[in-house]
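Here's the structure, in structure tokens; my notes come after.
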Amino acid sequence: MVFYIVFHIYLTVAYLYVLWRFVLPLPVSRGWRALLALLLLAVSKYHLILIAVYGTMFSPEMPRVAVLLAGWLFCAFVLILVFTLLTDLACGVLALWRRVAIKRVFGWRLRSAIAMAALLLSAVGVYQAAQLPEVRRIDVTIEHLPRSLDGLRVVQLTDLHISRLFQKEWVEGVVSRTNALNADVILISGDLIDGTVEARKDDVAPLGKLAAPLGVIAIPGNHEYYFDADRWIPEFQRLGMRVLVNEHVILQKGADQLVVAGVTDEAAPAFGHEGPNLLRALAGAPLNAPVILLKHRPSGAPDSAAAGVGLQLSGHTHGGMIKGLDLVVRSANQGFVSGSYDIGNMRLYVSNGTGLWNGFPIRLGVPAEITEITLRSGPAL
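So the sequence shown is numbered by the UniProt record's numbering: it starts at 1 and just counts up by one.
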């Protein structure tokens, strides 16, 4: 509830700022300004409208074209906000430096350019967000990884957010690209879905075709808890996944072992579930075996490193979605937003996400990914 309140307060402030600095100064009739103000109000309150109509802002059960259109308009509103704020800051500096009146710089021509740029960039970003992700390949060195496991290939999927935006055909494409990599194991670090089991059952069905010699292992993310994890976890298990809930599994290759542990999400306690518990997840694990941890959010990575984890795979941030916006997303995730981070002897990898939430469906300079990770043995980082 607190999240919803804060979220909509921020959007209200954003709307009032755009109204004050972008709409009201336009040299058009009062009627046109009122019409534009009402349109922007509706767009800025898109998620509140979804709650009123569908009971949730996370999975509106409306046609895909409507999701794309609404996403385009909302993302354009956000870009207008950002461009207006940056223009005001630049004009403020210019006014202090050259004594130039802000009104002379930030006129209707610049406002028109901002609107056109926002609409165009939003269209490009939404288009890019809706495409199949490309494969991103990285090598990760893990301390004390047995030589027999050197070269073991892991595919990480995360934040698929299967929904009315990412439907069955898209999921089939992701599964096809993933299986074509012939990885040893497939690891999914949460937020597979948006919606109930009844609404998404057909769309998630292709996940049952994911295949790897050492299995398909997943954890719940915050969105699984939003839509009843007690029902989704058995559904994922029915599709052939091993779902880790503050527990681990031991992968055997010859005489050597690799521990894959998984923890729940920080949202879990709000829905009556146990929160992330790394000690419980590692209880009984072989002491000398290297550990890969699946944790949906990258926050808490220093604690994972202190517990002896060799590699933590996370998502949640979607990489920031827009180049530059990662500065904001980073501050909410302990500085971790995209790519590799060395923390003591542990490597943290934060994926940009295989998909993303349909409520802000944009990618500009931050591509989605299917991550192929080749493990390498070596000394401490």
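C-beta: ideal position from N, C-alpha, C; glycine also.
Residue ranges of each beta strand (DSSP E) run of no fewer than 3 residues wholly in the region 38-85, ordered along the chain? none
Under the rule that 16 or more other beta-carbon atoms within 10 Å means buried, what is PHE3, buried or exposed? exposed
Tell me whether the beta-carbon of PRO286 lies closer than 8 angstroms to the beta-carbon of GLN257. yes
Should the region 236-251 be regarded as contacting the region 334-342, the criterion being three or more beta carbon pairs within less than 8 angstroms? no
Which one of GLY324, HIS296 and ALA301 has the shortest CA to CA distance from GLY315? HIS296
Pull up the CB-CB distance for SER340 and ILE138, whole angstroms please, since I reckon it's below 8 angstroms. 7 angstroms
With the cut-off set at 8 angstroms, would you say ILE373 and GLN131 are in Cβ contact? no
Let me make sure I understand the geometry here. Which of ARG111, VAL154 and ALA34 has the alpha-carbon closest to that of LEU181? VAL154
Is there a Cβ of chain C sitting closer than 8 angstroms to that of LEU94, yes or no? The structure shown has no chain C; it contains just one protein chain.
How big is the Cα-Cα spacing for LEU359 and SER148? Reading off the sequence shown, one finds Gly at residue 359, where the question assumed Leu. Approximately 44 angstroms between the Cα atoms of the pair.
What did DSSP end up calling ARG136 once you bin it into helix, strand or coil? strand
Report the three-state DSSP secondary structure of LYS253 (helix, strand or coil). strand
For the region 298-308 against the region 47-67, are there 3 or more C-beta pairs whose distance is under 8 angstroms? no
Beta-carbon within less than 6 angstroms of TYR225's beta-carbon, same chain only, minus the 5 sequence neighbours each way: which residues are those? ALA267, ALA268 and PHE271
Tell me the rounded alpha-carbon separation between ALA205 and TRP170. 12 angstroms
Once you ignore the five residues that flank ARG231 on each side, which residues in its own chain have a CB closer than 8 angstroms to its CB? THR196 and VAL197
Same chain, Cβ closer than 8 angstroms to LEU68, five either side skipped, listed in chain order: VAL126, ALA130, LEU165 and PRO361
Alpha-carbon spacing of LEU381 relative to LEU293, whole angstroms: Reliability of the predicted coordinates at LEU381 is poor, the pLDDT of 48 falling under 50, and the value obtained from them is presented with this limitation in mind. So the two alpha carbons sit approximately 17 angstroms from each other.
Grouping DSSP H, G and I as helix and E and B as strand, with all else coil, what is HIS273? coil
Starting from the C-beta of LEU214, find all residues in its chain whose C-beta is less than 6 angstroms away, skip the five residues before and the five after it, and write them out in chain order. ASP184, VAL185 and LEU251
Option nearest residue 407 by Cα separation, candidates TYR46, MET62, LEU96 and LEU89: This structure cannot speak to residue 407, because the chain is shown only from 1 to 381.
Inter-residue Cα distance where the pair is VAL263 and LEU192: 15 angstroms
Whole-angstrom C-beta distance between ARG177 and VAL135, which should lie under 8 angstroms: 7 angstroms
Looking only at its chain, what residues have a beta carbon closer than 8 angstroms to the beta carbon of VAL53, apart from the 5 residues adjacent to it on each side? PRO60
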